[in-house]
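The structure appears right after this line, and notes come after that.
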Amino acid sequence: MSPVWETEKRAPVLGIIGGGQLAQMLFQSAISIGVEVHILRSEGDQSLNSYAKELTVASSFDATTLYHFARRCDIVTFDHELIPAQIVSELSSRNCTMLPNATTLALAADKARQRRTLAEAGIPTPRFAVVESAAEVEAISAAFKFPLILKAARGGYDGRGVVEISSMDDVISIFGTSKMPVPYVVEERLDLDAELSVLVVRSSNRKEVSVYQPIRTRQHEGICVEASWPSHLPRSIDARAVEIALSIAELVDSVGVLAVEFFVVGGEVLVNELAPRVHNSGHLTIEAAKTSQFENHIRAVLGFALGSTDFISPASMVNLIAGPDAKEHRPLQLAAALSVAGASLHDYHKSPKPKRKVGHVTVLADSTTSASADAWESARRAMMAPLLGDPMAALGTHQN
Ligand SMILES: Nc1ncnc2c1ncn2[C@@H]1O[C@H](COP(=O)(O)OP(=O)(O)O)[C@@H](O)[C@H]1O
Ligand SMILES: [Mg+2]
């Protein structure tokens, strides 16, 4: 059966819930392939303000607001996973096509549920427990050695909601004062050899599935500061991560891009968490792969053929994030950033503040070492302020 937009001889209308940088970059890809975009964003979102033609600003993402929005779109997708799965499921039953579906979203939004589902399916994850009180942490503390990592099951991102605890005293103060809702996932702090991300793209017909080769990510204080390809890990590690990511896409019935974050520890590959959407680690696919994660996400949710996920060059992407020491936040210095040969800049149109991603820079080069050096240089010129996770700052040579 032909899709309705073909019968009606018009462009498909893609609705995006959320108005951050992921929506911005999805929107850019949609323009290129002739897909019309409607955005539903919250009052706080700043990206896309001056660009989207069909922009709805909502003070709350309740079922009625979402329904009125979804009715005007052929397919609705997301730039975050914060919409309650129950609402998504209700809209789906009222003939709105919401992708990814409610089941996938419910898993992604809850780290405890996610970990249990993965563990039950025999997928390797760090050893974990789900706890709701300090007493429950005490009960497992014989089996788990401090320092522990405590992760709020719901609502965390970019390291928010993730805390390291080194003693029972820390546990008691966290449960005494924390505003993060229980439960928590608890695990030991692992000595990570590397972190990887694998992006799987699965089409709405569920038959076509593609995968990008693993991308290496580096975090600082829980936030991704750099992503690069290739991973420079043994081929067997990359292959294992791809195999696991593909099996998870089937397990959670994802449609569109599914990002699977991995820890590499002692030659083993463990799944940290999932995100059923385009992902920060995949931003370098815009320049470094034959088809970007954004275009492939759109192709997948609309049921179009997927584009090639092959990389065309080693690459590095550095996030533009001011570190906590940045005294002054200026607009991005576009000309300065682009004066680094080969740098591609993406501005998210957000006012800078510490630890907020306001853009990214990607550089393609013969090696990831050289791409990384140039991407950091371009990022420094863009921000004119200390950058979170800057490797030169770690060496003590960064000039403010
Ligand atoms: N058990 C752990 N051991 C060591 N580092 C960890 C552990 N859990 C999380 N981290 C670090 O914190 C980062 C953020 O944690 P994550 O669980 O991915 O939460 P978020 O939802 O904020 O991305 C990870 O990418 C990793 O660098
Ligand atoms: Mg993460």
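In the numbering used here, the protein residues as written are 304 to 703.
Cβ coordinates follow ideal geometry from the N, Cα and C atoms, glycine included.
Assign T520 to one of three DSSP states: helix, strand, or coil.
T520 falls in the strand class under three-state DSSP.
So the alpha helix (DSSP H) L408 belongs to, where does it begin and stop?
Counting along the chain, the alpha helix (DSSP H) containing L408 begins and ends at 405 to 411.
In whole angstroms, what separates the C-alpha of A511 from that of I475?
The displayed chain sequence assigns Glu, not Ala, to residue 511. The straight-line gap from Cα to Cα measures roughly 49 Å.
Contact between the stretch 345 to 352 and the stretch 317 to 325: three or more CB pairs below 8 Å?
The stretch 345 to 352, when compared against the stretch 317 to 325, does touch it at the 8 Å Cβ threshold.
How many Å lie between K448 and E467 at the Cα?
One C-alpha to the other measures close to 12 Å.
Within the structure, which residues are defined as neighbours of ligand 2 by a Cβ-heavy atom distance below 7 Å, reported in chain order?
Ordered along the chain, the selected set is E564, N575, E576.
Whole angstroms is fine: what's the gap from R457's alpha carbon to K414's?
Taking the straight line from one Cα to the other gives about 7 Å.
Kindly examine ligand 1 and report whether one of its heavy atoms sits closer than 7 Å to the Cβ of D382.
The answer is no for D382.
Can you tell me which of the three DSSP states L698 falls into?
Coil at L698, not helix or strand.
For the pair the stretch 492 to 503 and the stretch 650 to 670, tell me if three or more CB-CB distances fall below 8 Å.
The stretch 492 to 503 is not in contact with the stretch 650 to 670.
Select from F364, I336, A674, V338 the residue whose C-alpha is nearest the C-alpha of E346.
The residue with the shortest Cα to Cα distance from E346 is F364.
Say whether the stretch 676 to 689 touches the stretch 630 to 648, bearing in mind that this needs 3 or more beta-carbon pairs closer than 8 Å, one atom from each stretch.
Yes: at least three Cβ pairs fall under 8 Å.
A455 bridges to which residues according to DSSP?
A455 pairs with Y487.
Check whether the Cβ atoms of I452 and V440 lie closer than 8 Å to each other.
Not a contact, by the Cβ cut-off of 8 Å.
For V581, is the beta carbon positioned less than 7 Å from some heavy atom of ligand 1?
Checking the Cβ of V581 against ligand 1 gives no.
Specify whether the stretch 598 to 612 and the stretch 517 to 536 touch according to this definition: at least 3 beta carbon pairs, one from each stretch, less than 8 Å apart.
No, they do not touch.
Under 7 Å: does the beta carbon of P427 sit that close to some heavy atom of ligand 1?
Checking the Cβ of P427 against ligand 1 gives no.
Measuring only the C-alpha atoms, how far is G425 from P634?
Whole-angstrom Cα-Cα distance: 47 Å.
Quick check: does the Cβ of V465 come within less than 7 Å of any heavy atom belonging to ligand 1?
It does: the Cβ of V465 is within 7 Å (strictly closer) of some heavy atom of ligand 1.
Taking a contact to mean a Cβ-Cβ separation below 8 Å, would you say E490 touches R538 in this structure?
It is not a contact, given that the beta carbons lie outside the stated cut-off.
In the structure shown, what three-state DSSP assignment does N703 receive?
For N703, the predicted model reports a pLDDT of 40, less than 50, meaning its position is unreliable; a value from the coordinates is still stated below. DSSP places N703 in coil when its eight states are reduced to three.
How close, in whole Å, do the beta carbons of E435 and P486 come, if the pair is a contact with beta carbons under 8 Å?
The Cβ separation is near 5 Å, so the contact holds.
Taking L577 and V563 to be in contact with their CB atoms under 8 Å, please state how far apart those CB atoms are, rounded to whole angstroms.
So it is a contact: roughly 6 Å between Cβ atoms.
If you check the beta carbons only, do A290 and P579 fall under 8 Å apart?
Since the first residue of the chain shown is 304 and the last is 703, residue 290 is not available in this structure.
Within 10 angstroms of its Cβ, does S506 collect 16 or more other Cβ (buried), or is it exposed?
Counting Cβ neighbours within 10 Å, S506 comes out buried, since at least 16 surround it.
Note down the Cα distance separating E311 from S305, rounded to an integer number of angstroms.
Taking the straight line from one Cα to the other gives about 10 Å.
Is K454 a contact residue of ligand 1, with contact defined as CB to any heavy atom under 7 Å?
At least one heavy atom of ligand 1 is nearer than 7 Å to the Cβ of K454, so yes.
Tell whether a beta-carbon distance below 8 Å holds between L369 and E339.
No, these two residues do not count as a Cβ contact at 8 Å.
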